[in-house]
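Going by numbering that gives the first Met the number 0, the first residue of the sequence shown is number 0, and it counts up by one from there. Ideal placement from N, C-alpha and C gives every residue a C-beta, glycine not left out. These numbers come from a predicted model, not from an experiment. Here is the structure we will look at, set down as structure tokens.
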Amino acid sequence: MENATFQGIQASQLEYHLNLVKEKYRNEFLTPLNENLENSLEEADCQLENYKSLASDYNEIINDARRENLRRQREIKKQGRNKITDLNSKIYQEESNLQQVEVKNEQIQMRLKQVPTEIQEEKEQISSVREAAKITNVEFYAKAVKMFQERLGLKIEKTKDKKMKFIYTRIDPNDDQKEFCVSFGIDSLSKQYYGKPGITNILVESVPSVSGLQSLIDQINRSGNLRIFVKGVRSLFQEYVNNPVDRPQQL
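Here you go:
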């Protein structure tokens, strides 16, 4: 009986101490551990939310990038289609222009083939007209030149060195056919006629030598009036014949 009571007391004390140990263990280990676990769980939840937010932002960025890429691709395709349309239009226009050019070229080639024949016909017509004119007028011109030389006593020649030579007759009363001549050239490569304004005429020689020719040369250089020059030279030669005392010794 006593042993049972003692054992009961020991069991109660043991249980009491066991409870104290459990309480101490709970207070010293389990409670802080639970708090740490709860804190860790809260932090984990926060980090998870952050990760979810970051993942959402990342997905939004990716989606925006994809949408922008698709938009750009559509724009590029649209621009490409527009360029292709423009190029096709230009190609069509160029082909149309080329066809027109080819048609014009064919017309020109046909015309060019006709031109030599037409030119030859024109040449033949002109040649016929010239020959007819020569046959018709040669005697008239020959008579006119002969009359001009006989009545006026003047013949104009072009020398081999491309000088103009004026030969006068009917000046000396003692020798009606005696020749007096004066020659002059030009100080220029111009192909214009002698005596035309803008050309410098130069006295070459005078047979016989008479005074005053240079002033006539200067005058024709200023005015270009060949008629006055011809009359002036004749007057100088007539004065030379009529006044032998005043004859110059040299040109």
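Cutoff 7 Å; reference residue i; Cβ partners in own chain excluding five residues on either side
i, result
"A10", "none"
"G211", "L235"
Pairwise C-alpha distance: residue j and residue i
i, j, result
"D175", "V209", "19 Å"
"E41", "L32", "14 Å"
"E59", "N38", "31 Å"
"L17", "E34", "24 Å"
"T199", "Y239", "26 Å"
"N49", "L69", "30 Å"
"Q119", "Q108", "18 Å"
"D44", "T4", "55 Å"
"D56", "T30", "38 Å"
"V46", "L36", "The residue asked about is misnamed: residue 46 is Gln in this sequence, not Val. Taking the straight line joining both Cα atoms gives about 15 Å."
"K162", "N241", "28 Å"
"K89", "N81", "12 Å"
"V20", "Q12", "12 Å"
"R252", "T116", "Residue 252 cannot be examined here, being either before or after the span of the chain that is shown, 0 to 250."
"R71", "I61", "15 Å"
"R66", "Q78", "18 Å"
"L188", "Y91", "Note on L188: pLDDT 48, under 50, position unreliable in the model; the coordinate value appears next. Distance between the alpha carbons of L188 and Y91 is about 56 Å."
"G231", "N173", "21 Å"
"N87", "E93", "10 Å"
"K103", "S126", "33 Å"
"K51", "T84", "48 Å"
"L151", "K122", "38 Å"
"Q98", "E105", "10 Å"
"Q6", "Y24", "26 Å"
Residue i classed as buried or exposed, judged by whether at least 16 other C-beta atoms fall within 10 angstroms
i, result
"F236", "buried"
"I75", "exposed"
"I170", "buried"
"A219", "Residue identity check: residue 219 is Ile in the sequence provided, not Ala. Counting Cβ neighbours within 10 Å, I219 comes out buried, since at least 16 surround it."
"F28", "exposed"
8 Å CB neighbourhood of residue i in its chain, flanking five on each side removed
i, result
"L153", "F147, F165, I166, Y167, T168, V229 and R233"
"Q213", "L202"
"Y193", "In this predicted model, Y193 has a pLDDT of only 48, less than 50, meaning its place in the structure is not dependable; the value taken from the coordinates is given anyway. Cβ neighbours of Y193 beyond the five flanking positions: M163, F183, I185, N200 and L225."
"Q249", "In this predicted model, Q249 has a pLDDT of only 48, less than 50, meaning its place in the structure is not dependable enough to derive any value."
"P243", "none"
Cβ-based neighbour list, residue i, same chain, cut-off 6 Å, excluding 5 preceding and 5 following
i, result
"I216", "N200 and L202"
"E156", "K164"
"K145", "none"
"F179", "Y167, I170 and F236"
"S222", "none"
"T158", "K164"
beta-carbon residue i near the ligand ATP non-hydrogen atom, thresh 7 Å
i, result
"K177", "Ligands are entirely absent from the displayed structure, and the ligand ATP is therefore not among its contents."
TODO: Give a yes or no on contact between the segment 170 to 185 and the segment 199 to 217, applying the rule of three or more CB pairs nearer than 8 Å.
DONE: Result yes; three or more Cβ-Cβ pairs closer than 8 Å.
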